[in-house]
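The structure appears right after this line, and notes come after that.
Number of protein chains: 2
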Amino acid sequence: MPAPPDFEHMWRQLAPVGRSASSGGYFRQPWTSAETELRSWFAEQCATRGLAVETDGLGNQVAWWGDADVPGVLTGSHLDSVLDGGAYDGPLGVASALAAVDVLRDRGVTPARPLGIGVFVEEEGSRFGRACLGSRLVTGATTWDEAKELRDRDGVFLADAVADAGLDPSRGLLSLDRVGTFVELHVEQGRDLVDRGAAVGLASEIWPHGRWRFDFRGQANHAGTTRMEDRHDPMLTYAMTALAANKQARLSGERATFGRLAVEPNGTNAVPSLVTAWLDARASSDDALAELVASIERQAGDRAGRDGTSLAVTAESVSGSVAFDPGLAARLAALGDWPVIPTQAGHDAGILSAAGIPTAMVFVRNPTGVSHSPDEHAEAGDCLAGVEALADVLAELTGAPA
Amino acid sequence: MPAPPDFEHMWRQLAPVGRSASSGGYFRQPWTSAETELRSWFAEQCATRGLAVETDGLGNQVAWWGDADVPGVLTGSHLDSVLDGGAYDGPLGVASALAAVDVLRDRGVTPARPLGIGVFVEEEGSRFGRACLGSRLVTGATTWDEAKELRDRDGVFLADAVADAGLDPSRGLLSLDRVGTFVELHVEQGRDLVDRGAAVGLASEIWPHGRWRFDFRGQANHAGTTRMEDRHDPMLTYAMTALAANKQARLSGERATFGRLAVEPNGTNAVPSLVTAWLDARASSDDALAELVASIERQAGDRAGRDGTSLAVTAESVSGSVAFDPGLAARLAALGDWPVIPTQAGHDAGILSAAGIPTAMVFVRNPTGVSHSPDEHAEAGDCLAGVEALADVLAELTGAPA
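Residue numbers (my numbering), protein chains in the order written: chain A, 1 to 402; chain B, 1 to 402.
Structure representation (C-alpha cells):
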C-alpha cells in the first residue's frame, strides 16, 4: 500500500472544496454537496490508512484503529464551516488526527487502547441554527424528535435535508460506548497563544454561551409620507439594542454580537414591520451570561416602549460553562509544557465533556486571532507542531490498557 | 353587452391577486405571475368597456376611448406593489379610472378629446430598485440600455425577467404623443386630508427624494472569541447611522429611513464582514435633501473611523422636486373646492410632469395615513367620492377640443 498523503498534501486536497471564488471563504454547510464531498474525502483517507469508516444515519463518521476490549480514545473535529468561513476551523482537527496516526505509525507505536478518528456534523449550526448538532444528538443532549423539526433559512426541515443527502437517522447514530476519552485539536480563535509565544496550548474551559432571537415588531409604513413622529419603526429599536449590547459586553470583558438579521418586508421605501436579530452572547460564568443577556433585553425593552414597538426574546440555545477534566489537562500539558487557556467558542468537545466523557482540547496558534472569516489562518509550521503534539497526547492516552 | 362591473365589484376581483395568506399584504412584483394576472384583468376590463388595450414591450398598458386628432387626456396609475404592501397604492387609481369612464357614460358624456386609461409597470421599484421604471423608460428619463443591466435580489437581469414574462422591449414602448394631459388618482399616503376633513384633494408638488446604498465594510470574525476591542464590526457603524438618520430627519421635519438591509455572511456566530443598507431620504427642497444626505453620510463616516470600518455611499436614484402645473391644479380644485397639498411620495405623475406633460394628481383620504403596509386602507365611501371627482376632472379636461 502506498504511503497515505501527508498533512500538507491533505490540506491541498481540502482547499478547493466549498470555497467561494469571490471571497475566498468557505461555504461547507451540512447536508450539501460540499459536505458530501468532504465525507467521501474522509472515508478515502481512512481507507488509505487501512481503517474502516462507519457513517451513521446523520453523517457523523468514525474510524477505529485497534479493537481491544478496553475504553478507547477518540480524536477528531468537524468539516462543516460557518457561512463564508475559514479553512481551519474544524478541518484542521480532522486532518491533524489523520496525520497523527501516521506519526504514531512512523514512530512504531501500536496503541494499547483503540484509537478512533471522528467527524461530527453541523458543528457550527450555520444551517439549522443549533451548534454542535451532531454531537448533541449522539450524546442525547438533543433528541431527534426535537431536532427534526428545525428548519433552515429556506424553510427546509432538518429531516428532509438529511434524507436528501441519502442518510437515514432511523439507521441509528454513532455509539460512544467505546469512547473512554475524547481529544479535539482546533485552531485557536483568539490571540492567547500569540501573547504567550506558544505554538500549541490546551483548553481549561469553555465559557457559557448561547443564541437568543430578538423579534422587534413595529408597523410597516411608507418611508416617504409617514412623518418621523408617527412611526413605529423596529429598525430603530434594533439599532439601539445592537449598540447597547456591544457597550455592555465591552465594559464587562464579555461578548455580545448581533451578526444575523432578517428584515420584513425589507423594501427600500417601507418602514419595516419586523426586524429579527440574533444575539450571540458569551461570558465567563453562567451568572454573568444571564446578567449580560438580561441587561441587553432590558435596554431593548425600554427603547421599544419609546419607539412604540414590541419585543419578544427567545433563547434558541444556551450552553452552560464547561470545565474540561483538570487532571487530564494537567497530565497532558506536562508532555510539552503547553499553556492551559480558556476559550469562548463552543465545540463538540464541550458537548462530550458535558456528557461525562473525560475530554481535552489542543489549540494551534492563530497569528491574528481571526476566525469565522476567510482571513482565518495558521502557519504551516504551527500546524505541523499541532500534529506532533496531538500524536504525543494520543500516545500518552493509548499507551497502556486500563 | 352587459354592464361592466362597478367599482366595488372590480375591487373584489382584485382582492385575492398576489395576496399573502399570512400577512394579508400584497406581493405584486413586476414580471411575476401576480402581475401577469393583473395585466390580463386590466385587458378584460377594457374589453368589457369596448376599449382596445395596447400592451407595450415592457408591459405598460393603455386603452383609448375616442380617436379625435387632438391632444388627449391620459389617466391611470400602476398595479404593482411594494413587498407586503397594501391594496390601494396603485390599483385604486386604475380601478377608479375604469369606473370614471362608466360614470361619464352614465352621465351621457362623450369626450371631445380622446380619453386614455394607462397602467405603468414597476412603479414601486420593489424588484429592480428603480422606482417608476415603466414611466421613466416611456418618457426617456431612463434608457433601456441602462435599465436592462439592473438585477433583482436573486441576480436576475431586468432583460431576462421581461423576456420570461413573454414581453419584448424591442417591440417598442408606449407612445405619449397623444397625451396632452395626465391625471393620476392615488390613495393619500399621509394624513393631510384627514386633518382637513376632506375626502378628496389635489397635489401641488412632490418632494425631492432618492435612494442611497451605504456599504459598511468591516472584518468577519468569530463572535465568541474575538475581544470586543479587537473587532471591526460594520453592524455597529450601521446601527449608529440608522439612529443618526432618524434623528436628523426628525429635527428638520424631513424623512430618512433605513428599511432594507443585507448582511454578510449573516451568521449568528460571526461578526459581519459587510452590512449593506439602503437609505430612503426625502426633503422639502433639493438643497435640503442634499444637506440631509450629506449630514447622514458625514456622521456615518465619522463612526466608521472609530469602528475601524469603511463606508462607501452610492446614489441609486435621485428625483428632483416636481411642482405640478399650478394653473391646472387651481382650475381642477375649483370643481370641488378640493384642498391642494404636497406629497413626499414619488409617482409616475412626477415622471410625466418632469417630461413636460401638464399633470395633476387626485388624492383619496387615508384614515390612518398608513401606506406600504397590509394596513393601508381607504373607506369605500371615500373611494366612490374619488371616482366621482376623477370623472368631474376628466369631463372638464376632455370637454372641448383645443
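Backbone N, C-alpha and C define an ideal beta-carbon position, used for all residues, glycine too.
For the 9 Å CB-CB criterion, Val271 (chain A) and Gly218 (chain A) form a contact.
In the DSSP assignment, Ser126 (chain B) falls outside any alpha helix (DSSP H) and carries neither an H nor an E.
Counting only Cβ-Cβ distances below 7 Å, Thr314 (chain B) has no contacts in chain A at all, with the closest Cβ about 13 Å away.
Among the CB atoms of chain A, one or more fall inside 9 Å of the CB of Glu188 (chain B). Of all C-beta pairs linking the stretch 197-212 of chain A to the stretch 336-344 of chain A, three or more are shorter than 8 Å, placing the two stretches in contact. In this structure, the alpha-carbon of Ala3 (chain A) lies about 8 Å from that of Thr48 (chain A). Between the alpha carbons of Val183 (chain B) and Val73 (chain B) lies a distance of about 8 Å.
One finds nothing in chain A with a Cβ atom closer than 8 Å to the Cβ of Asn60 (chain B); even the nearest lies about 21 Å away. Counting only unbroken stretches of 4 or more residues, the alpha helix (DSSP H) elements lying wholly within the stretch 29-79 of chain B are 33-48, in sequence order. It is roughly 49 Å from the alpha-carbon of Val103 (chain B) to the alpha-carbon of Ala304 (chain A).
Inclusion of Gly90 (chain B) and Leu174 (chain B) in the CB contact set at 9 Å is not warranted, their separation being larger than that value. Excluding residues up to 5 positions away in sequence, Ile351, Ala355 lie with their Cβ nearer than 6 Å to the Cβ of Thr139 (chain A) in the same chain.
Residue-level contact check: Ser284 (chain A) does not touch chain B, since none of the beta carbons of chain B fall below 9 Å from its beta carbon.
Pairing Leu115 (chain B) with Val364 (chain B) gives a Cβ-Cβ distance that is not under 9 Å.
Taking a cut-off of 8 Å for Cβ pairs, the stretch 186-196 of chain A and the stretch 56-67 of chain A do not touch, as fewer than three such pairs fall below it. Around the Cβ of Arg282 (chain A), a 10 Å sphere holds 16 or more other Cβ atoms; the residue is buried. Rounded to the nearest whole angstrom, the C-alpha separation of Glu149 (chain A) and Thr36 (chain A) is 22 Å. Boundaries for His186 (chain B): no alpha helix (DSSP H) harbours it, while the beta strand (DSSP E) harbouring it runs 179-187, taken from the DSSP string. When 9 Å is used as the limit between beta carbons, Leu83 (chain B) is near these residues of chain A: Glu264, Pro265, Asn266, Gly267, Ala270, in chain order. The beta carbon of Thr314 (chain A) sits closer than 6 Å to the beta carbons of Arg213 from its chain, once the five residues preceding and following it are set aside; these are given in chain order.
By the criterion of a C-beta distance shorter than 6 Å, Ala400 (chain B) is surrounded in its chain by Ala112, once the five residues flanking it on both sides are discounted. For Met240 (chain A), the residues of chain B that pass the 8 Å Cβ criterion are Ala239, Leu243, in the order they occur in the chain.
Using a CB distance cut-off of 9 Å, Gln344 (chain A) counts as an interface residue toward chain B. Per the DSSP secondary-structure output, Leu261 (chain B) pairs in a beta bridge with B:Ala277. Cβ proximity to chain B below 8 Å picks out Trp207, His209, Arg211, Gln219, Ala220, Asn221, His222, Ala223, Gly224, Thr225, Thr226, Arg227, Met228, Glu229, Asp230, Asp233 from the stretch 201-233 of chain A. Secondary structure at Ala159 (chain B): helix, using DSSP grouped into helix, strand and coil. In this structure, A:Arg28 is the residue among A:Ala385, A:Gly18, A:Arg28 with its C-alpha nearest to the C-alpha of Gly125 (chain A). The Cβ-Cβ distance between Val322 (chain B) and Thr226 (chain A) does not fall below 9 Å. For the pair Asp164 (chain B) and Phe128 (chain B), the Cα-to-Cα distance works out to about 15 Å. Around the beta-carbon of Arg107 (chain A), fewer than 16 other beta-carbon atoms lie within 10 Å, marking it exposed.
The Cβ atoms of Asp215 (chain B) and Val275 (chain B) lie closer than 9 Å to each other. Inclusion of Met235 (chain B) and Gly346 (chain A) in the CB contact set at 9 Å is not warranted, their separation being larger than that value. For the stretch 372-395 of chain A, residues whose beta-carbon sits nearer than 9 Å to a beta-carbon of chain B comprise His372, Ser373, Pro374, Asp375, Glu376. Using beta-carbon distances, Ala249 (chain A) counts as an interface residue toward chain B, with a partner under 9 Å. Where Pro342 (chain A) is concerned, the enclosing beta strand (DSSP E) starts and stops at 340-343. For the set A:Pro71, A:Asp69, A:Gly76, the Cα lying nearest the Cα of Ala63 (chain A) is the one of A:Gly76.
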